[in-house]
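Written out below as structure tokens is the structure these notes cover.
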Amino acid sequence: MGEAATRRRVPRRRQGRTTQVTISGEDITLIATADDDGLLADVAIHWGKHGTATSGLMDMYALAVTIAVRHHVPLTELVAEHRSMYFAPSGATDDPDLPVVRSPIDWVVRRLALDWLPYAERTQLGVLTLQERLGVAQEHLDAESFALTSGTAPADPLDGDRWMLATTIGAPPGQ
């Protein structure tokens, strides 16, 4: 049988971040706290009235994420598995960094990535703020403009993955 994962203990008092968002009229609150090393330690998600199905499911999801990070599951793995999950409510948000999402879970994992992962890891996951996406798109346009005006290929053209990141804000997969 496999060896049990060791659980990381967290301090009784810890710093955290609370972020509220509205997704297509639904209010969701994400509370994420850090351990003494600044690593993600706990996640709580509030959506809907206490005792409803949506509230219970979000409580269970938050508990699963908390258990995972306390047992050393990298946040990058959780984000990679759960980003772009599609279910209602989806669409426009009032989060300026993530103006369009595919579901509350999509917003939660993308928000956790933005708040807790370095830029290089987020780039690999395809999780960038709107401003970062615009910056990548501008780099591509500048490289293309240079190539057109000089008649030569740019020294470092954007690869297909970076172009996709810059141009598919909120688009469903395959579109």
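Counted the way the UniProt record's numbering counts, the sequence shown spans residues 1 to 175.
We treat Cβ as the ideally placed atom computed from N, Cα and C, and that holds for glycine.
Since the model is a prediction, treat every value here as computed from it, not as a measurement.
Please confirm whether residue i and residue j have their CB atoms less than 9 Å apart.
i       : j       : result
Ile-23  : Pro-89  : yes
Leu-112 : Ala-32  : yes
Val-136 : Leu-148 : no
Ala-80  : Leu-125 : yes
Tyr-119 : Glu-139 : no
Excluding the 5 residues preceding and the 5 following residue i in the sequence, name in chain order all residues of the same chain whose CB lies nearer than 7 Å to its CB.
i      : result
Val-21 : Ile-28, Thr-93, Asp-94, Asp-95, Trp-107
Arg-17 : Ala-32, Asp-115
Gln-15 : Thr-33, Ala-34
Asp-97 : Leu-114, Thr-129, Leu-130
Ala-68 : Leu-78
Specify the secondary structure class of residue i as computed by DSSP and reduced to three states.
i           : result
residue 234 : Since the first residue of the chain shown is 1 and the last is 175, residue 234 is not available in this structure.
Gly-25      : coil
Asp-42      : strand
Arg-102     : coil
Asp-88      : It should be noted that the sequence gives Ala, not Asp, for residue 88. In the structure shown, Ala-88 sits in coil (DSSP, three-state: anything other than H, G, I, E or B).
Gln-15      : coil
Gln-175     : With a pLDDT of 48 at Gln-175, under the threshold of 50, the predicted position of this residue should be treated as unreliable, though the coordinate-derived value follows. Coil.
Thr-129     : coil
Thr-33      : strand
Thr-93      : strand
What does a CB cutoff of less than 6 Å around residue i pick up in its chain, not counting 5 residues either side in sequence?
i      : result
Ala-62 : Val-43, Ala-44, Ile-45
His-82 : Ile-105, Val-109
Gly-91 : Ser-24
Phe-87 : Ser-103
His-72 : none
Can you tell me whether residue i is buried or exposed? The criterion is at least 16 other CB atoms within 10 Å of its CB, across all chains shown.
i           : result
Arg-12      : exposed
Leu-75      : buried
Met-58      : buried
Arg-122     : buried
Leu-141     : exposed
Leu-117     : buried
residue 177 : Because the chain in this structure spans residues 1 to 175, residue 177 falls outside the shown range and cannot be described.
Out of the options, which one is the CA nearest neighbour of residue i?
i      : options                        : result
Val-65 : Leu-30, Ala-53, Gly-56, Leu-78 : Leu-78
Glu-26 : Ser-55, Trp-47, Asp-36, Thr-19 : Trp-47
Skipping 5 residues on each side, what residues in its chain have a beta carbon closer than 8 Å to that of residue i?
i      : result
Lys-49 : Ser-55
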